[in-house]
Amino acid sequence: MEALLTQTRILITTKTNPLSLPPPPSLPKPSLSLPNPLNQRTQLTHRRPLRLSASAQRAPSSAAAEVAAASGLAVPSKMKAWVYSEYGDASVLNFDEGVSVPDLGEDQVLVRVVAAALNPVDFKRRLGKFKATDSPLPTVPGYDVAGIVVKVGSQVKTLKVGDEVYGDISEKALEGPKQFGSLAEYTAVEEKLLALKPRNLDFAQAASLPLAIETANEGLERSGFSSGKSILVLGGAGGVGSLVIQLAKSVFGASRVAATSSTGKLDILKSLGVDLAIDYTKENFEELPEKFDVVYDAVGQCDKAAKAVKEGGSVVVLTGAASPPGFRFVVTSNGAVLAKLNPFLESGKVKPLIDPNGPFPFSKVVEAFTYLETGRATGKVVIYPIP
Ligand SMILES: NC(=O)c1ccc[n+]([C@@H]2O[C@H](COP(=O)([O-])OP(=O)(O)OC[C@H]3O[C@@H](n4cnc5c(N)ncnc54)[C@H](OP(=O)(O)O)[C@@H]3O)[C@@H](O)[C@H]2O)c1
């Protein structure tokens, strides 16, 4: 596999402890008082010159035409990608201009990546926490993608060249995730893992969604969450939590939504639609008299969460130990879930929340990882534009 990589690997990273790095100096400080995710679109538009308009009103075909014209839909044999050949901290990430464009399976499409997003699983995988079930090194990381189909496999039924798509490219996050991920100019993805990009969202917004929104949806479904039930979301300002809040309210018909965050993010929780925003630096949610049908734990506090759930309720656990009434699951990527949620995204009932420290350009992937690994991201850490 090493033969797939050029010998002219360019090391862009430093050996500095990533956790000690400040946010990228060229980017604004995180704005933690965003009243509405839509504001992020405005910021995104003005932050740096973008190749594609971030306007929600833009006709998707024109954006497709722009990228298609830029690439000519001609697929080179080599591409730019971020690669690591050993497990470790963010300094193992190398920028490589000569990675082979992945081969296409019969049921796959080749996506010209326009934007990608990072998830905690990306750095946990890079740290070697799942090495027993990981694909072989070297790895091009990245699960979340938004881009344009430039080639289709012989068994692809619906998608066609030029389609604007988004999705989580690895069906099982921990079991044999793709060796050639989305932090690259091209990635090969099974058609069933993708959906057409919501028409009102730009590529950066669309890339922020797949793994997190599919996790939010699957956890709610597995808990049996339904109209009229109440929910407490632990970690409401994070990538998954911000979407659990919105799906519970707008898709599943929650009667009441509570969520936890630190003090500076309470306004974000409110803008996402919570009825009760709990400052975990000042209050212990498990000591509140109010109990909930479901507690959705995106932090790793199952024991405390069990004390906040009603008799007969359940705790959805994404990380850390789980014991009844808690249950833990690992998300399965599924394009049909995205297609189901597209109307809620296109109507604006569910909105992407992009961390205001980003989007990070492709050259700043190490900084993006370092920031995500602080555990303080608000919404999603997005990589855009690519390359
Ligand atoms: N099992 C699965 O299939 C699956 C899928 C997706 C994610 N996950 C896991 O779920 C976890 C969350 O993922 P994510 O993408 O949402 O992460 P994330 O976006 O990095 O989460 C960051 C957020 O967590 C909040 N947070 C940290 N400690 C908190 C606390 N004690 N109480 C309340 N909020 C707290 C932070 O808010 P403050 O700054 O206010 O603290 C920050 O906004 C990760 O461990 C991830 O690996 C699992």
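1 is the number of the first residue of the sequence shown in UniProt numbering; add one for each residue after it.
Virtual Cβ for every residue (Gly too), placed ideally from N, Cα, C.
None of the values given here were measured: they were computed from a predicted structure.
Along the chain, where does the alpha helix (DSSP H) that runs through ASP122 open and close? Numbered from 1 along the sequence shown, position 122 holds the residue referred to as residue 122. Unbroken alpha helix (DSSP H) run through ASP122: 120 to 126.
Looking at the unbroken alpha helix (DSSP H) that takes in THR187, where does it start and where does it end? Here residue 187 refers to the residue found at position 187 of the sequence shown. Not the alpha helix (DSSP H): THR187 falls in the beta strand (DSSP E), residues 186 to 190.
Could you tell me the distance, in whole angstroms, from the CA atom of PRO359 to the CA atom of GLU311? Residue 359 sits at position 359 when you count from the first residue of the sequence shown. Residue 311 sits at position 311 when you count from the first residue of the sequence shown. Looking at the two C-alpha atoms, the distance is approximately 42 Å.
Between which residues of its own chain and GLN301 is the CB-CB distance below 7 Å, once the five residues before and five after are set aside? Position 301 of the sequence shown holds residue 301. Correct list, in chain order: LEU234.
Do you know whose CA, among LEU211, PRO136, GLN179 and ALA132, lies nearest GLY239's CA? Residue numbering aside, residue 239 sits at position 239 when the sequence shown is read from its first letter. Minimum Cα distance to GLY239 is reached at LEU211.
Under the three-state DSSP convention, the category residue 454 falls into: Residue 454 is absent from the model: the chain starts at 1 and stops at 387.
Output yes or no for whether 7 Å exceeds the beta carbon distance between ALA173 and ALA115. The residue labelled residue 173 in the question sits at position 173 within the sequence shown. The residue labelled residue 115 in the question sits at position 115 within the sequence shown. Taking the C-beta atoms as reference points, ALA115 is found no nearer than 7 Å to ALA173.
Looking only at its own chain, which residues have a Cβ that is under 7 Å from the Cβ of SER242, when we skip the five neighbours before and after it? Residue numbering aside, residue 242 sits at position 242 when the sequence shown is read from its first letter. Here the set comprises GLY236, LEU272, LEU353 and GLY379.
C-alpha gap between SER85 and LYS192, whole angstroms: Here residue 85 refers to the residue found at position 85 of the sequence shown. Here residue 192 refers to the residue found at position 192 of the sequence shown. Near 29 Å, if we compare the C-alpha coordinates of LYS192 and SER85.
Run the CB neighbour count on VAL366, radius 10 Å, all protein chains shown included, and call it buried at 16 or more, exposed below. As a position in the sequence shown, residue 366 is number 366, starting the count at 1. Result: buried.
Between the C-alpha atoms of SER135 and LEU104, what's the straight-line distance to the nearest angstrom? Residue mapping note: residue 135 aligns to position 135 of the sequence shown, counting from 1. Residue mapping note: residue 104 aligns to position 104 of the sequence shown, counting from 1. So the two alpha carbons sit approximately 17 Å from each other.
Taking 7 Å as the threshold (C-beta atoms), are VAL295 and VAL315 in contact? The residue given as residue 315 occupies position 315 in the sequence shown. The residue given as residue 295 occupies position 295 in the sequence shown. Taking 7 Å as the Cβ cut-off, VAL315 and VAL295 qualify as a contacting pair.
Under the criterion of a Cβ to heavy atom distance below 6 Å, does SER261 qualify as lining ligand 1? In the sequence shown, counting from the first residue as 1, residue 261 sits at position 261. It does: the Cβ of SER261 is within 6 Å (strictly closer) of some heavy atom of ligand 1.
I'd like to confirm something about LEU159: is its beta-carbon nearer than 6 Å to some heavy atom of ligand 1, or not? As a first step, residue 159 must be located in the sequence shown, where it is residue number 159. Every heavy atom of ligand 1 is 6 Å or more from the Cβ of LEU159, so no.
THR215 beta carbon near ligand 1 (any heavy atom closer than 6 Å): In the sequence shown, counting from the first residue as 1, residue 215 sits at position 215. Flag set: Cβ of THR215 near ligand 1.
With a cut-off of 8 Å on the beta carbons, I'd call GLY224 and VAL244 a contact; round off their distance for me. Here residue 224 refers to the residue found at position 224 when the sequence shown is read from its first residue. Here residue 244 refers to the residue found at position 244 when the sequence shown is read from its first residue. Their Cβ separation, rounded to whole angstroms, is 15 Å, which puts GLY224 and VAL244 out of contact at 8 Å.
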